[in-house]
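> Shown below is the structure under consideration.
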Amino acid sequence: MPWLNWRQTLNLLQMEAKLDLLTLWRTPGFVAPSLIFPVMFYLLFGVFITKGGQSDYLLVTYCCFGVMGPALFNFGVNVATEKSQGWLTMKQIAPAPVSAYLFGKVVSSLLFALVIVMLLFVCAALFGNVRLYTSQWLGLAGLVLVGTLPFCLFGLWLGLTLSAKAAPAVVNLIYLPLAFLGGLWLPIHILPGFMQQFAQLLPSFHFGQLALSVIGRDLPQPWWQHLFALLIFTVVFGVLASRAFRQNRSV
Numbered sequence: 001m002p003w004l005n006w007r008q009t010l011n012l013l014q015m016e017a018k019l020d021l022l023t024l025w026r027t028p029g030f031v032a033p034s035l036i037f038p039v040m041f042y043l044l045f046g047v048f049i050t051k052g053g054q055s056d057y058l059l060v061t062y063c064c065f066g067v068m069g070p071a072l073f074n075f076g077v078n079v080a081t082e083k084s085q086g087w088l089t090m091k092q093i094a095p096a097p098v099s100a101y102l103f104g105k106v107v108s109s110l111l112f113a114l115v116i117v118m119l120l121f122v123c124a125a126l127f128g129n130v131r132l133y134t135s136q137w138l139g140l141a142g143l144v145l146v147g148t149l150p151f152c153l154f155g156l157w158l159g160l161t162l163s164a165k166a167a168p169a170v171v172n173l174i175y176l177p178l179a180f181l182g183g184l185w186l187p188i189h190i191l192p193g194f195m196q197q198f199a200q201l202l203p204s205f206h207f208g209q210l211a212l213s214v215i216g217r218d219l220p221q222p223w224w225q226h227l228f229a230l231l232i233f234t235v236v237f238g239v240l241a242s243r244a245f246r247q248n249r250s251v
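Letter 205 of the sequence shown, counting from 1, is numbered 205 in the UniProt record's numbering, and no numbers are missing.
Here it is, written out as structure tokens:
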């Protein structure tokens with residue numbers, strides 16, 4: 001943004017984030033599922049069915065599941081919708097850089113993700129009897145928020161390549177299996193062996209395993225392998241999104 005000073009740049013980024021956040025907040029089809037489903041599933045599987053035996057484990061994995069939602073849907077569905085309405089094209093030809101538009105979506109996704117994480121933390125402490133060190137609570141929150149980046153890029157690629165009509169169905173068909181097969185709904189070790197092997201090909205699995213390392217869970221593989229896998233997915237999704245963005249701009 002060479003033609004803007006730092007104050008103008010900050011104001012622009014703040015405006016884009018506020019605009020996107022207001023847009024999301026006025027979309028009940030986004031707000032209700034994003035906030036309710038992770039908490040409802042955690043209470044069902046992490047507290048009532050398991051009788052609290054896996055409450056800390058499932059707190060971590062449902063945090064991962066919860067924050068993936070805003071990332072995939074805000075970018076995957078909303079970008080596809082805004083593209084079909086011509087809003088994205090207008091952003092691309094406007095004097096303001098399109099990076100500000102993307103920044104706004106990242107911030108709004110992170111804010112929704114933070115609310116989800118806080119709700120899950122409260123439920124885990126009150127109903128799941130989860131007790132962690134302060135450093136673990138903070139470390140878990142920080143890691144799952146930063147860990148949304150590859151899913152934001154994945155969602156952006158989907159949003160740039162899918163039509164507005166197809167995007168909601170396709171994102172749902174990706175999001176839910178990605179969570180289940182990645183071991184975010186149920187502990188990965190209770191799934192059949194072939195599913196455990198397949199899970200290692202999914203970013204959701206590595207996201208969940210890396211987050212579990214924060215609370216001291218013993219992992220079959222060292223944490224850095226999961227971090228490395230997530231970095232690879234981030235690069236791949238970033239390349240795909242960048243290529244789709246250039247193709248969309250040339251149309």
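Cβ atoms here follow ideal geometry from the backbone N, Cα and C, with glycine treated the same way.
1. The alpha helix (DSSP H) with Gly69 in it runs from where to where?
2. So, with DSSP's three-state summary, where would you put Lys91?
3. Using the beta-carbon count (16 or more within 10 Å), is Gly159 buried or exposed?
4. Using only the alpha-carbon positions, how far apart do Val115 and Met90 sit?
5. Verify whether the separation of the beta carbon atoms of Ala141 and Val117 is less than 8 Å.
6. Between the C-alpha atoms of Gly128 and Val47, what's the straight-line distance to the nearest angstrom?
7. Measuring only the C-alpha atoms, how far is Arg7 from Phe180?
8. Taking only three categories from DSSP, how would you classify Gln8?
9. To the nearest angstrom, how far is it from the Cα of Leu219 to the Cα of Ile190?
10. Does the region 229 to 249 touch the region 192 to 211, meaning 3 or more C-beta pairs lie closer than 8 Å?
11. Helix, strand or coil, according to DSSP, for Met1 in the structure here?
12. Near Trp157, which residues of its chain fall below 7 Å by C-beta distance, leaving aside the five closest residues on each side in sequence?
13. Give the DSSP-derived three-state secondary structure of Trp157 in the structure shown.
14. Look up Val106 in the DSSP assignment and say whether it is helix, strand or coil.
15. Do you know how far the Cα of Trp137 is from the Cα of Pro192?
16. One question on the structure: do Tyr42 and Tyr57 come within less than 8 Å of each other, judged by their Cβ atoms?
17. Which same chain residues, not among the five before or five after Glu16, have their C-beta less than 7 Å away from its C-beta?
To lay it out plainly:
1. Working through the sequence shown from its first residue, we reach residue 69 at position 69. Ser55 to Ser84 is the span of the alpha helix (DSSP H), which, as asked, contains Gly69.
2. Mapped onto the sequence shown, residue 91 falls at position 91. Lys91 sits in a helix when the DSSP states are folded into three classes.
3. For the purposes of this step, residue 159 is taken as residue 159 along the sequence shown, with counting starting at 1. With 16 or more Cβ atoms within 10 Å of its Cβ, Gly159 is classed as buried.
4. Counting from 1 along the sequence shown, the entry for residue 115 is found at position 115. Counting from 1 along the sequence shown, the entry for residue 90 is found at position 90. Their backbone Cα atoms lie some 31 Å apart in a straight line.
5. Position 141 of the sequence shown holds residue 141. Position 117 of the sequence shown holds residue 117. Yes, Cβ-Cβ distance for Ala141 and Val117 is below 8 Å.
6. As a first step, residue 128 must be located in the sequence shown, where it is residue number 128. As a first step, residue 47 must be located in the sequence shown, where it is residue number 47. If you take the alpha carbons of Gly128 and Val47, they lie about 5 Å apart.
7. Here residue 7 is taken as the residue at index 7 of the sequence shown, counted from 1. Here residue 180 is taken as the residue at index 180 of the sequence shown, counted from 1. So the two alpha carbons sit approximately 44 Å from each other.
8. Locating residue 8 in the sequence shown gives position 8, where the first residue counts as 1. Helix.
9. For the purposes of this step, residue 219 is taken as residue 219 along the sequence shown, with counting starting at 1. For the purposes of this step, residue 190 is taken as residue 190 along the sequence shown, with counting starting at 1. Their Cα atoms are separated by approximately 14 Å.
10. yes
11. Taking the sequence shown and counting its residues from 1, the one referred to as residue 1 is at position 1. With a pLDDT of 44 at Met1, under the threshold of 50, the predicted position of this residue should be treated as unreliable, though the coordinate-derived value follows. Coil at Met1, not helix or strand.
12. The residue you call residue 157 lines up with position 157 of the sequence shown. Result list for Trp157: Phe237, Leu240, Ala241 and Ala244, in chain order.
13. Here residue 157 is taken as the residue at index 157 of the sequence shown, counted from 1. Three-state DSSP puts Trp157 in a helix.
14. Numbered from 1 along the sequence shown, position 106 holds the residue referred to as residue 106. Helix, per DSSP.
15. For this step, residue 192 is matched to residue 192 along the sequence shown. For this step, residue 137 is matched to residue 137 along the sequence shown. Each residue's alpha carbon lies about 31 Å from the other.
16. Residue 42 sits at position 42 when you count from the first residue of the sequence shown. Residue 57 sits at position 57 when you count from the first residue of the sequence shown. No, the pair does not count as a contact, with Cβ atoms beyond the cut-off.
17. Within the sequence shown, the letter at position 16 stands for residue 16. Ala100, Tyr101, Phe103 and Gly104, listed in sequence order.
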